[in-house]
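A.B. asks: Once you've had a glance at the structure underneath, I'll fire off some questions.
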Amino acid sequence: MTINIKPCTFEDSRKLQEISSETFYETFKEQNSAENMNAYLEKAFNIPQLEKELSNTSSQFFFVYFDNEVAGYLKVNTNDAQSEEMGEESLEVERIYIKKEFQKHGLGKYLFNKAVEIAMEGNKKKIWLGVWENNENAIAFYKKMGFVQTGAHSFYMGDDEQIDFIMTKTLV
Ligand SMILES: CC(C)(COP(=O)(O)OP(=O)(O)OC[C@H]1O[C@@H](n2cnc3c(N)ncnc32)[C@H](O)[C@@H]1OP(=O)(O)O)[C@@H](O)C(=O)NCCC(=O)NCCS
């Protein structure tokens, strides 16, 4: 069993689209209507949108491989790429997704440690993220990683306004 992380390049947009759509769908399909799900998948993960995000020098994407198969991915943002104005001393974990079949094997923690490494290299003071209030699995994972809830913001899934908890981990 080998685990590897590789940065995504601009040329990886299709591969990124596949894993982004697949993991988002399997995570949220049971709690959202098909219409809202499809609207979100089309808006968030179309190729021009992903290429725009891949070109942003304040964002970084990584694939995690389990025995040479893409098992998940990570997106982190700094500076203006953050989805809230958190300032230059923060790093946002915008997306961290592991395919269902590879969950609970330590891969989420492996990707999270990559985010910590990037934050430390950039002298960031904290890591933050937004997580849907009903995503109990992810909230439990983030608590295990040392995050605490520090706020909330709203988020649109299609036409459905949902609440995201803001969770923060202070780096020492
Ligand atoms: C949340 C997610 C990234 C966690 O990744 P994972 O690979 O399953 O988690 P890991 O195996 O790395 O777990 C790391 C630690 O967290 C703990 N953990 C993970 N999920 C947990 C849960 N639901 N409840 C309690 N602890 C949990 C593990 O026991 C492990 O503890 P340890 O360090 O003491 O061994 C993954 O489940 C996922 O991709 N979920 C779907 C997508 C999603 O919701 N992403 C977040 C969107 S905001």
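Residue numbers (my numbering): 1 to 172. Glycine included, C-beta positions come from ideal geometry on N, C-alpha and C.
(1) Mind checking whether Gly108 and Ile98 have CB atoms under 9 angstroms apart?
(2) Tell me which residue opens and which closes the alpha helix (DSSP H) that Ala152 is part of.
(3) Measure the Cβ-Cβ separation of Ser59 and Ala44 and say whether it is below 9 angstroms.
(4) At the level of alpha carbons, what is the spacing between Leu54 and Phe10?
(5) Per DSSP, what are the beta-bridge partners of Glu74 in this structure?
(6) Compute the Euclidean distance between the alpha carbons of Lys124 and Ile118, then round it to the nearest angstrom.
(7) Give the DSSP-derived three-state secondary structure of Asp12 in the structure shown.
(8) Out of His153, Thr168 and Met167, state which residue places its alpha-carbon closest to the alpha-carbon of Glu161.
(9) Less than 9 angstroms separating the beta-carbons of Lys75 and Glu94?
(10) Can you grab the Cα-Cα spacing for the pair Lys29 / Glu18, in whole Å?
(11) Return the first residue and the last residue of the beta strand (DSSP E) that Lys143 is part of.
(12) Is the closest heavy atom of ligand 1 to the C-beta of Glu18 under 8 angstroms?
(13) May I ask whether a heavy atom of ligand 1 can be found less than 8 angstroms away from the beta carbon of Thr57?
(14) Got a sec: does ligand 1 put a non-hydrogen atom nearer than 8 angstroms to the Cβ of Leu111?
(15) From Glu69 to Thr27, what does the alpha carbon distance come to, in whole angstroms?
(16) When DSSP builds the beta bridges, which residues end up paired with Ile3?
C.D. replies: In terms of the structure at hand:
(1) Within the sequence shown, numbered from 1, the residue matching residue 108 stands at position 108. Within the sequence shown, numbered from 1, the residue matching residue 98 stands at position 98. The answer is yes: Cβ separation under 9 angstroms.
(2) For the purposes of this step, residue 152 is identified with residue 152 of the sequence shown, where counting begins at 1. Per DSSP, Ala152 lies in no alpha helix (DSSP H) segment; the continuous beta strand (DSSP E) that holds it begins and ends at Val148 to Met157.
(3) Counted from its first residue, the sequence shown places residue 59 at position 59. Counted from its first residue, the sequence shown places residue 44 at position 44. Judged by beta-carbon spacing, Ala44 lies beyond the 9 angstroms limit of Ser59, meaning their Cβ atoms are not closer than that value.
(4) On the sequence shown, residue 54 is found 54 positions in, with the first residue counted as 1. On the sequence shown, residue 10 is found 10 positions in, with the first residue counted as 1. For the pair Leu54 and Phe10, the Cα-to-Cα distance works out to about 6 angstroms.
(5) Here residue 74 refers to the residue found at position 74 when the sequence shown is read from its first residue. According to the sequence shown, residue 74 is Leu rather than Glu. Looking at the DSSP assignment, Leu74 forms a beta bridge with Phe62 and Ile96.
(6) Here residue 124 refers to the residue found at position 124 of the sequence shown. Here residue 118 refers to the residue found at position 118 of the sequence shown. Answer to the nearest angstrom: the Cα atoms are 9 angstroms apart.
(7) Counting from 1 along the sequence shown, the entry for residue 12 is found at position 12. In this structure, Asp12 counts as helix in the three-state DSSP scheme.
(8) Residue numbering aside, residue 161 sits at position 161 when the sequence shown is read from its first letter. Among His153, Thr168 and Met167, the Cα nearest to that of Glu161 is on His153.
(9) Your numbering for residue 75 matches position 75 in the sequence shown. Your numbering for residue 94 matches position 94 in the sequence shown. Taking the C-beta atoms as reference points, Glu94 is found nearer than 9 angstroms to Lys75.
(10) Numbered from 1 along the sequence shown, position 29 holds the residue referred to as residue 29. Numbered from 1 along the sequence shown, position 18 holds the residue referred to as residue 18. The straight-line gap from Cα to Cα measures roughly 16 angstroms.
(11) On the sequence shown, position 143 is the one that residue 143 refers to. That residue, Lys143, is in no beta strand (DSSP E); its alpha helix (DSSP H) goes Glu136 to Lys144.
(12) Numbered from 1 along the sequence shown, position 18 holds the residue referred to as residue 18. No.
(13) Reading the sequence shown from its first residue, position 57 is the one you call residue 57. No, ligand 1 has no heavy atom inside 8 angstroms of this Cβ.
(14) In the sequence shown, counting from the first residue as 1, residue 111 sits at position 111. Within the cutoff, so yes.
(15) As a first step, residue 69 is located in the sequence shown; it is residue number 69 there, counting from the start. As a first step, residue 27 is located in the sequence shown; it is residue number 27 there, counting from the start. For Glu69 and Thr27, the distance between alpha carbons rounds to 19 angstroms.
(16) What you label residue 3 is simply residue 3 of the sequence shown in a count that begins at 1. Ile3 is bridged to Phe66.
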